[in-house]
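Here the structure is laid out as structure tokens; the discussion comes afterwards.
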Amino acid sequence: MTILQQSSKAQDRTLGTWYVQIASGTLKLPRFQRFEAWDRWRVAGFLNTVVQNLPVGVTLLLQVGDREQFISRYIATAPETTGRVTEHLLDGQQRLTAFWRAMHNNYEGETYYVYLPDFDHHVDDGITYEEITVHCQPRWAKKKEPGLRYPVWADSPARCLERGLVPVDLLCPGDHAARVEQWIAGATAEFEPADDAPDALARYRALEKQRLELRSALNTLRERVTHFNLPFLALPVGTSADVALQVFVNMNTNSKPLSMYDLTVAKTESAAGESLHALQEATEARHVELTHYGDTSSMLLTTAALMQGKMPNRGGVGALDMKLLVSSWPRIERALVRTANFLARQHIRDEERLPSSPVLAVIAACFDKVPEDGDALGRAEQLLRAYMWSCFFTT
252 MTILQQSSKA QDRTLGTWYV QIASGTLKLP RFQRFEAWDR WRVAGFLNTV VQNLPVGVTL
312 LLQVGDREQF ISRYIATAPE TTGRVTEHLL DGQQRLTAFW RAMHNNYEGE TYYVYLPDFD
372 HHVDDGITYE EITVHCQPRW AKKKEPGLRY PVWADSPARC LERGLVPVDL LCPGDHAARV
432 EQWIAGATAE FEPADDAPDA LARYRALEKQ RLELRSALNT LRERVTHFNL PFLALPVGTS
492 ADVALQVFVN MNTNSKPLSM YDLTVAKTES AAGESLHALQ EATEARHVEL THYGDTSSML
552 LTTAALMQGK MPNRGGVGAL DMKLLVSSWP RIERALVRTA NFLARQHIRD EERLPSSPVL
612 AVIAACFDKV PEDGDALGRA EQLLRAYMWS CFFTT
């Protein structure tokens, strides 16, 4: 049976099973995978697809044998376990990362809820959905109160429920019945009547009815999330690294397509066996000043393109010799550091004071050819200053 035949048949897998795979560490990401790229709207959109039980596209896996073909990393915020890795996720990383993080509600800048219209009794809260929907609530902290996130009501079960909002992490697969009951009790505690209230029995019955309805709604949604089908295609264990990388590039055509940097990361892994992520992170750690001027990845790749005699654009970066890119990395890094020092001497110390970013790659490529001292350095810097300011004042 050919690789194509083996990998073309989609298989079903529930989100409950995906959750276990991530939690156990048997499912990991190859290191060339990009990091989180979805904004809050895409995250909420995918979660809406799940709670409304709508179909989604397939993911792509590479089955792992006795040894991993690629150095791998864990999905963001997943526990780092010592379990044996059995699968690498080639496509679907954004969806599964969003799912995992939402099931723990551990995003710093937002909290996700499920809106239940039957429980919304708050007026003028700006929440105007007409059906069960995932709601994203932005969160922020004040400098004087770093440990407190606003709006404060978003952490109060009672204030959330009066808006019809239930934290989406209560839908997490697994045995979390006690946590769900604790949240329901906290959200409805203020409605418990006093023992000596004349209508205590009637009010208590109404409260129990509300709790039962809320519990039933949550159990239905929990079952829906746990058994939601996110199918996958699987490349077999014998698939070569080159084929896996090519399929990875071809499959990643979703709502957040791969950038040229993402593609270059994959090509570098294939051609040179090196991690572009690791090279860039090491460069940024050694020379923090480079990060002050914007997107470091763009600077590095466009500079590399010029140093290889190519245009500093998408086409030029796409045509890079990846082995040469890796071998010349110290030169690229040194040239950009000299560029940052040059800009600082012109009192341009960050991106906000940089009128035009395309000059960076040109200046860096020139510095790669310029001596580090002597009259030649002085003449070159004089010419580069003229070039730079001419670019800044040219439309």
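Heads up: the sequence shown at position 249 corresponds to 500 in our numbering, and the numbers run straight through without jumps. Think of the CB as a built atom: it goes at the ideal place given N, C-alpha and C, for glycine as much as any other residue.
Endpoints, alpha helix (DSSP H) assigned at residue i
i       : result
Val-577 : 573-578
Val-568 : 565-569
Val-610 : 610-618
Ser-641 : 626-643
Gln-531 : 527-537
Ser-548 : 547-558
Beta-carbon proximity check, residue i vs residue j, cutoff 7 Å
i       : j       : result
Val-309 : Phe-483 : yes
Leu-611 : Met-511 : no
Ala-556 : Leu-587 : no
Pro-408 : Ala-438 : yes
Arg-324 : Arg-352 : no
Glu-535 : Thr-542 : yes
Arg-596 : Phe-618 : no
Ala-517 : Gln-314 : no
Ala-349 : Ile-273 : no
Ala-266 : Val-539 : It should be pointed out that residue 266 corresponds to Leu in this sequence rather than to Ala. In this structure, Val-539 does not lie closer than 7 Å to Leu-266 by Cβ.
Leu-422 : Arg-473 : yes
Met-558 : Asp-342 : no
Asp-554 : Ile-599 : Per the sequence shown, the amino acid found at residue 554 is Thr instead of Asp. No. Outside cutoff.
Ser-608 : Gly-566 : no
Gln-284 : Gln-345 : no
Thr-645 : Met-573 : no
Leu-527 : Trp-580 : no
Arg-659 : His-373 : Only positions 252 to 646 of the chain appear in this structure, which leaves residue 659 out of reach.
Glu-287 : Ala-327 : yes
Beta-bridge partners of residue i, as assigned by DSSP
i       : result
Pro-418 : Tyr-364
Asp-371 : Arg-414
His-386 : Tyr-364
Span of the beta strand (DSSP E), counted from its first residue to its last, around residue i
i       : result
Asp-342 : 338-342
Leu-311 : 310-314
Trp-250 : A question about residue 250 goes unanswered here, because the residues of the chain that appear run from 252 up to 646.
Glu-396 : 396-401
Residue i Cβ short of 6 Å to the ligand HEM heavy atom set
i       : result
Asp-601 : Although the ligand HEM was asked about, the structure shown includes no ligands whatsoever.
Cβ of residue i within 7 Å of any chain E Cβ
i       : result
Ala-405 : Included in the structure is just one protein chain, with no chain E present.
Every unbroken beta strand (DSSP E) within the region 424-496, with a cutoff of 3 residues, ordered by chain:
Taking only runs of at least 3 residues, the beta strand (DSSP E) segments lying wholly in the region 424-496 are 483-486.
Does the region 350-370 come close enough to the region 383-396 that 3 or more CB-CB pairs lie under 8 Å?
Note that the region 383-396 touches the region 350-370; at least 3 beta-carbon pairs, one per stretch, sit closer than 8 Å.
Pairing CB atoms from the region 411-430 with CB atoms from the region 304-321, are three or more of them under 8 Å?
With a cut-off of 8 Å, the region 304-321 and the region 411-430 do not count as touching, because too few Cβ pairs lie within range.
Does the region 428-442 touch the region 460-472, meaning 3 or more C-beta pairs lie closer than 8 Å?
With three or more CB-CB distances shorter than 8 Å, the region 460-472 counts as touching the region 428-442.
Complete runs of the beta strand (DSSP E) confined to the region 257-331 [at least 3 residues]
Qualifying beta strand (DSSP E) stretches, in chain order: 278-281, 310-314.
Just checking, does the region 448-455 make contact with the region 263-283 on the three C-beta pairs under 8 Å criterion?
The region 448-455 makes no contact with the region 263-283: fewer than 3 CB pairs, one atom from each, lie closer than 8 Å.
Is it true that the region 291-309 meets the region 328-338, where meeting means three or more beta-carbon pairs spaced less than 8 Å apart?
The region 291-309 makes no contact with the region 328-338, as fewer than three CB pairs between them are under 8 Å.
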